[in-house]
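So the sequences go chain by chain: A and B. The opening residue of the first sequence carries number 1 in the UniProt record's numbering; numbering runs sequentially from there. The opening residue of the second sequence carries number 1 in the UniProt record's numbering; numbering runs sequentially from there. Where is the CB? At the ideal position from N, CA and C, for every residue including glycine. Scroll down for the structure; my scribbles are underneath it.
2 protein chains.
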Amino acid sequence: MEEQQPIPACMEKWDINWLLHRAAQRVGAAFADETAKFGVSPRGQLVLQALANDEGQRTQLKLGAMLGLDKTTLMSELDKLERAGLILRVPDPKDRRVRTPMITDKGRELQKQAGDALAEVERAFRDRFTREEMAVIRRALINLADGEAPVHGSCL
Amino acid sequence: MEEQQPIPACMEKWDINWLLHRAAQRVGAAFADETAKFGVSPRGQLVLQALANDEGQRTQLKLGAMLGLDKTTLMSELDKLERAGLILRVPDPKDRRVRTPMITDKGRELQKQAGDALAEVERAFRDRFTREEMAVIRRALINLADGEAPVHGSCL
DNA sequence: CGAAGAACGTCCGAGTCAAGATGTTCTGAT
DNA sequence: ATCAGAACATCTTGACTCGGACGTTCTTCG
Chain A
1 MEEQQPIPAC MEKWDINWLL HRAAQRVGAA FADETAKFGV SPRGQLVLQA LANDEGQRTQ
61 LKLGAMLGLD KTTLMSELDK LERAGLILRV PDPKDRRVRT PMITDKGREL QKQAGDALAE
121 VERAFRDRFT REEMAVIRRA LINLADGEAP VHGSCL
Chain B
1 MEEQQPIPAC MEKWDINWLL HRAAQRVGAA FADETAKFGV SPRGQLVLQA LANDEGQRTQ
61 LKLGAMLGLD KTTLMSELDK LERAGLILRV PDPKDRRVRT PMITDKGREL QKQAGDALAE
121 VERAFRDRFT REEMAVIRRA LINLADGEAP VHGSCL
């Protein structure tokens, strides 16, 4: 990877799209550094978090749709998490097609630790702004992020 | 691609990282839809825009660093643009290693049209917010996007 | 019942991305 | 002048993404 220019060098053409992607890139990198210490990807942590808060009520497809992950991408992520013993795919007695992902105790443990660490990272970002600014930012991001239509490329 | 859940279904765990990525995803998709009408990717448009505003003063490496693109990714993008006759790689008489990317008249033409169309799309997003909000959002994104350290994965 | 269609998880293949290696050219120090 | 090292563009390689196809299972309707 090349050394990136500090941003001020090219201020003329900053459109929302580029800014958003770049910001997501940066924040994502900070998150990735943190989750790497726990041996999971940010996506893995995201999945674990969802499973921890939402007790095995979701099929793999629903889970992927909720998190904005492609089904095959979620598959390989679940494979990794399962191999690491952090989740289990539990057959649904009611519907034999379904193999509900369930977080294990080990997974819950790790998720809690990683989640706390990430909260710290996130707080560092939040502290760059006032409370009022954060409220605006949050509302704006939710506004932009929300929407019914499925999205093409994920990169989550 | 699966139908995505409307966002409100899972509000508990929205961290900045996820919101940013999702927002970037959505806005990026809107931009991609628009640029597709002109036969280029958003990334292609980004490169053209940079070249149009910055008259062939950058090597490929510098250009990639400025835009946050990996050198190999930029390479293949330049290949496409060159094949489409939108740019040229001009040998630098001063330094035979360098093949400076230059936008062609055709490229400039297309960039202008696509740029106008994208400005329209962007305005639609801006109109969701007040002027004061936009100022906050813009400052916040610049704050987050800025930074010296190179970033791992691009996805731009 | 039985058949048609939908939903689930999985697999496959084309396309994309980026780290590292390579060959050429430039620069700076001896 | 020459040699070592850096910079540039390119190529190679391995991993990842994602749309689409597949087999199984469920549901609905005749």
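Residue interval of the alpha helix (DSSP H) (run including residue i)
i: A:T35; result: 16 to 36
i: B:R43; result: 42 to 53
Backbone secondary structure at residue i - three-state DSSP
i: B:T130; result: coil
i: B:P93; result: coil
i: B:L141; result: helix
i: B:T73; result: helix
i: B:R108; result: helix
i: B:R123; result: helix
i: B:L67; result: helix
i: B:L88; result: strand
i: A:A117; result: helix
i: A:R83; result: helix
i: A:L61; result: helix
i: B:L78; result: helix
i: B:P8; result: For B:P8, the predicted model reports a pLDDT of 45, less than 50, meaning its position is unreliable and no value from the coordinates is stated.
i: B:D146; result: coil
i: A:E2; result: Below a pLDDT of 50, predicted positions are generally treated as unreliable, and A:E2, at 40, falls in that range; no measurement from the model is reported.
Cβ neighbours of residue i in the same chain (closer than 7 Å, five flanking residues each side left out)
i: B:Q113; result: F38
i: A:G28; result: P42
i: residue 166 of chain A; result: Outside the displayed span of chain A (1 to 156) sits residue 166 of chain A, for which this structure offers no information.
i: A:V121; result: A30, F31, E34
i: A:A52; result: I103, R108, Q111
i: A:G24; result: Going by the sequence as given, residue 24 of chain A is Ala instead of Gly. Within the same chain, A:A24 has no close Cβ partners at all.
i: B:L20; result: none
i: A:K80; result: G44
Within chain A, partners of residue i - CB distance below 8 Å
i: B:V27; result: I16, N17, L20, L144
i: B:P42; result: N17
i: B:E122; result: D15, I16, N17
i: B:L81; result: Simply none; closest approach about 17 Å.
Within chain B, partners of residue i - CB distance below 8 Å
i: A:I137; result: V136, I137, A140
i: A:F125; result: I16, L144
Cut-off 8 Å between Cβ atoms - residues of its own chain near residue i, not counting five sequence neighbours on either side
i: B:R126; result: M134
i: A:L67; result: L46, V47, A50, L74, L156
i: residue 206 of chain B; result: No information on residue 206 of chain B is available, as it lies outside the stretch 1 to 156 that chain B covers here.
i: B:F129; result: I137
i: B:G118; result: For clarity, residue 118 of chain B is Leu in the given sequence; the question names Gly instead. These residues qualify, in order along the chain: F31, E34, T35, Q45.
i: A:L141; result: none
6 Å CB neighbourhood of residue i in its chain, flanking five on each side removed
i: A:G32; result: The identity of residue 32 of chain A in the sequence shown is Ala, whereas the question assumes Gly. Here the set comprises P42.
i: A:Q45; result: T35, A114
i: A:G107; result: L48, L86, I87
i: B:V90; result: T100, M102
i: B:D92; result: V98, T100
Under 9 Å from the C-beta of residue i: neighbouring residues of chain B
i: A:R128; result: A140, N143, L144
i: A:L156; result: W18, H21, R22, Q25
Range covered by the beta strand (DSSP E) that runs through residue i
i: A:T100; result: 99 to 103
Closer than 6 Å: residue i CB and nearest the ligand ADP heavy atom
i: B:V90; result: This structure does not include the ligand ADP; it has no bound ligands of any sort.
Interface residues of chain A facing residue i [CB-CB closer than 7 Å]
i: B:L46; result: W18
i: B:G147; result: R26
i: B:F31; result: N17
Contacts of residue i in chain B (Cβ-Cβ under 7 Å)
i: A:E133; result: V136, A140
Contacts of residue i in chain A (Cβ-Cβ under 9 Å)
i: B:L118; result: D15, N17
**Prompt:** Would you call the stretch 98 to 108 of chain A and the stretch 53 to 62 of chain A touching, i.e. three or more CB-CB distances under 8 Å?
**Reply:** They touch, by the three-pair rule.
**Message:** Count Cβ pairs between the stretch 90 to 97 of chain A and the stretch 14 to 27 of chain A that sit closer than 8 Å; are there 3 or more?
**Reply:** The stretch 90 to 97 of chain A makes no contact with the stretch 14 to 27 of chain A, as fewer than three CB pairs between them are under 8 Å.
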